[in-house]
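> Got a structure for you, written out below as structure tokens; questions coming shortly.
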Amino acid sequence: MTLQNTREKNYPEWYQNVISAADMGEVSSSPGCMVFRPWGYGIWERIQRALDNKIKETGHENCYFPIFIPLSYFQKEANHVEGFAKEMAIVTHSRLTMKDGKLVPDGKLEEPLIVRPTSETIIADSFSKWIKSYRDLPVMINQWANVVRWEMRPRLFLRTREFLWQEGHTAHATFEEAEKEAKTMLGVYASVAQNVLAMPVIKGKKPEYDKFPGAVDTYCIEAMMQDGRSLQAGTSHFLGQNFAKSANIRFQSKEGTQEYAYTTSWGVTSRLIGSLIMTHADDEGMVVPPKIAPQQVVIVPIIKDKSTQNEVMLYATKLCSALSEKFYDGEKIRVKVDTRDKSSVDKMWEWTRKGAPIVCEVGSRDIENEVVMVRTRTKINTSEWKQIIPLNEFINLISSRLEDLQNSLFNVAKKRLLDNQRTDIKTAEEMKDYFSQQNSWVDGAKGKVAFVRGKWCEDPATVEKMKEMKISIRCIPEDQTKKEGNCLLTNKKAVLDVIYARSY
RNA sequence: CGGAGUGUAGCUCAGCCUGGUAGAGCACUACGUUCGGGACGUAGGGGCCGUGGGUUCAAAUCCCGCCACUCCGACCA
329 MTLQNTREKN YPEWYQNVIS AADMGEVSSS PGCMVFRPWG YGIWERIQRA LDNKIKETGH
389 ENCYFPIFIP LSYFQKEANH VEGFAKEMAI VTHSRLTMKD GKLVPDGKLE EPLIVRPTSE
449 TIIADSFSKW IKSYRDLPVM INQWANVVRW EMRPRLFLRT REFLWQEGHT AHATFEEAEK
509 EAKTMLGVYA SVAQNVLAMP VIKGKKPEYD KFPGAVDTYC IEAMMQDGRS LQAGTSHFLG
569 QNFAKSANIR FQSKEGTQEY AYTTSWGVTS RLIGSLIMTH ADDEGMVVPP KIAPQQVVIV
629 PIIKDKSTQN EVMLYATKLC SALSEKFYDG EKIRVKVDTR DKSSVDKMWE WTRKGAPIVC
689 EVGSRDIENE VVMVRTRTKI NTSEWKQIIP LNEFINLISS RLEDLQNSLF NVAKKRLLDN
749 QRTDIKTAEE MKDYFSQQNS WVDGAKGKVA FVRGKWCEDP ATVEKMKEMK ISIRCIPEDQ
809 TKKEGNCLLT NKKAVLDVIY ARSY
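So in our numbering, spot 325 of the first sequence is number 653, and the numbers just go up one at a time.
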């Protein structure tokens, strides 16, 4: 049986159904916020670990800055103020007092504090103290933190008032070095997305009008969701000297002159969990790629009658410890026996909805034959879904089985991206026609509305046209053809290739 | 912050028009039979009907205020 809503029937509700059916998260009673339940947070922890390793391998160190940023800091960088002037949480008082039987804010602060929406300003302030000489450069740090943006219309994992992220901040002596850093980190994001999350992405740059406030260049990775919409999965900014000038990050060069540093910042958020759902989940529930599954293998004992219970539990435990000695992706396999006092059928479907990659069932039948019944999450609707496999063979091949799963998830998503990326649309008229269609799910029949790769003339007036069509330029992809064609919005001659799509 | 809608059990909702002691399904608890593609029987627990006021002998139900949430816009990792 499938979820209440399928992707075809009602895509947005299907998304909610997956989250609750998989016990990943829920809407909190605190307005606009969400609860990460253990299965959802466990996935986040796995993403964190994979990314954190890469961040350290590329020469960065973790540290931590305050959650409160004085209001005046935001006014230092003019463009930054412009872009971030609106939705924020602002602390204006320092205590509560009792008044007419009610608690009311009291102790008004002289200067309001902003709950960080991002930390460029406060980190730049520290950088200005740390950096005096060219010998102090580069500074390369990262922090794992929560941030707050006062969103009006929350969606679980995709847009909530508080979310989790990592933000890297670096300062360099030269333009070239800083620009290279921004690109390197975009590469790290692309690699984690593709190799760990099994989510293919398009690497590129944001158009001028959509850059991070205060940035010289904003790079991004964009992924295609199963409804054909695009989701920004990571972003990396080359900030030039903008923040260095506003925060006075200066150093003395080898030649003895005073120079402003060049800075970068880059981040990915817990939104990645939303993108995972919309990349891999199906009508039965969540599908978690093995590399980030909190449990990669779950063993469900089948107890038909109490007299065999001990025997079956022993067999299950033995299988569990044999599997947990095996390695996948450089770590011991995460496996457990589900010993809860519930019916085994319920357990099996619960783990299916959660998207555990492999669920094994063991009962007295299997003990006699030295076998195990293996169910592979991604093959749920095929005859290969359940297989009876000799115990030793299963144990010995568990790593390659997980690897196959990881790869097949990537391949399916990659095919979706390629199948639904149109390159044959050549005129503004065709473009308008194409995006006037609606669809909820792009798998299956071709010709559904998703991505269009085509020309853009860079005229600022095109922004309005895109708004009318409810699309945007997702990115200017790295691989440019450099051939001339017609802008898909104005029909004017243009060289730049861009990705047009609806977005989250 | 604009436009629309909804508030009744943990969840999904019925009851409201036409006022008269609070309902269903799922979930939960106990016992039994079950358990390998989403079990069944029996018994049970659980609600200040969003909130404040008004009308009335009597309000989930009628009237007024407020609050919250959801959806559509603006904003957005």
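Ideal Cβ positions, reconstructed from N, Cα and C, are used throughout, including at glycine.
#1: Between which two residues does the beta strand (DSSP E) holding R423 run?
#2: Considering P685, what are the terminal residues of the alpha helix (DSSP H) in which it resides?
#3: Given this structure, state the Cα-to-Cα distance separating P466 from A473, to the nearest angstrom.
#4: Taking Cβ to Cβ, would you say L719 is nearer than 7 Å to E696?
#5: Determine the closest residue to K404 out of T330, K682, N570 and Y590, with distance taken between C-alpha atoms.
#6: Determine the contact status of I723 and A621, defining contact as a CB-CB distance below 7 Å.
#7: Please tell me whether, using a cut-off of 6 Å, the distance from the CB of K619 to the nearest non-hydrogen atom of the ligand ZN is below it.
#8: Do Y462 and K384 have their C-beta atoms within less than 7 Å of each other?
#9: Identify the continuous alpha helix (DSSP H) that holds C648 and give its terminal residues.
#10: If we count the other Cβ atoms within 10 Å of its Cβ and call it buried at 16 or more, is M606 buried or exposed?
#11: Out of I627, Q554, E653 and K793, state which residue places its alpha-carbon closest to the alpha-carbon of D771.
#12: Can you confirm whether the segment 591 to 603 touches the segment 498 to 518 when touching is taken to mean that 3 or more C-beta pairs between the two stretches lie within less than 8 Å?
#13: Is it buried or exposed for S711, if we count other Cβ within 10 angstroms and need 16 for buried?
#14: Alpha carbons only, please: which of V544, M527 and V529 is nearest the one belonging to P535?
#15: Any idea if N748 is buried or exposed, counting beta-carbon neighbours within 10 angstroms, 16 or more meaning buried?
#16: Where P392 and Y547 are concerned, what is the direct C-alpha to C-alpha distance, given to the nearest angstrom?
#17: Can you check whether the CB of E490 is closer than 7 Å to the CB of S447?
#18: Tell me the residue span of the beta strand (DSSP E) that contains G691.
#19: At which residues does the beta strand (DSSP E) containing I605 begin and terminate?
#20: Could you have a look at S461 and say whether DSSP puts it in helix, strand or coil?
#21: What residue range does the beta strand (DSSP E) around A473 cover?
#22: If you run the structure through DSSP and keep just helix, strand and coil, what is T512?
#23: Along the chain, where does the beta strand (DSSP E) containing E758 start, and where does it finish?
#24: Look at Q808 and P618 and say whether their C-beta atoms are less than 7 Å apart.
#25: Return helix, strand or coil for I661, following the three-state DSSP convention.
#26: Under 8 Å, with one C-beta from each stretch per pair, do the segment 774 to 782 and the segment 747 to 764 reach the 3-pair mark?
#27: Beta carbon of T488, beta carbon of M352: below 7 Å?
Straight from the coordinates:
#1: I418 to K427
#2: Where P685 is concerned, there is no enclosing alpha helix (DSSP H), given that its DSSP letter is neither H nor E.
#3: For P466 and A473, the distance between alpha carbons rounds to 22 Å.
#4: no
#5: For the residues T330, K682, N570 and Y590, the minimum Cα distance to K404 belongs to N570.
#6: no
#7: This structure does not include the ligand ZN; it has no bound ligands of any sort.
#8: no
#9: Q637 to S652
#10: M606 comes out buried.
#11: In terms of CA proximity to D771, Q554 leads the group I627, Q554, E653 and K793.
#12: yes
#13: exposed
#14: V544
#15: buried
#16: Correcting the residue type first, residue 392 is Tyr in the shown sequence and not Pro. If I take the Cα positions, the gap works out to 24 Å.
#17: no
#18: Looking at the DSSP string, G691 is not in any beta strand (DSSP E), and its letter there is neither H nor E.
#19: Run containing I605: none in the beta strand (DSSP E); it sits in the alpha helix (DSSP H), R599 to H608.
#20: strand
#21: V467 to V476
#22: helix
#23: From DSSP, E758 is part of no beta strand (DSSP E) but of the alpha helix (DSSP H) over A756 to S764.
#24: no
#25: I661 carries a coil assignment under DSSP once its states are collapsed to helix, strand and coil.
#26: In this structure the segment 774 to 782 lies against the segment 747 to 764, because at least three pairs of beta carbons, one per stretch, are closer than 8 Å.
#27: no
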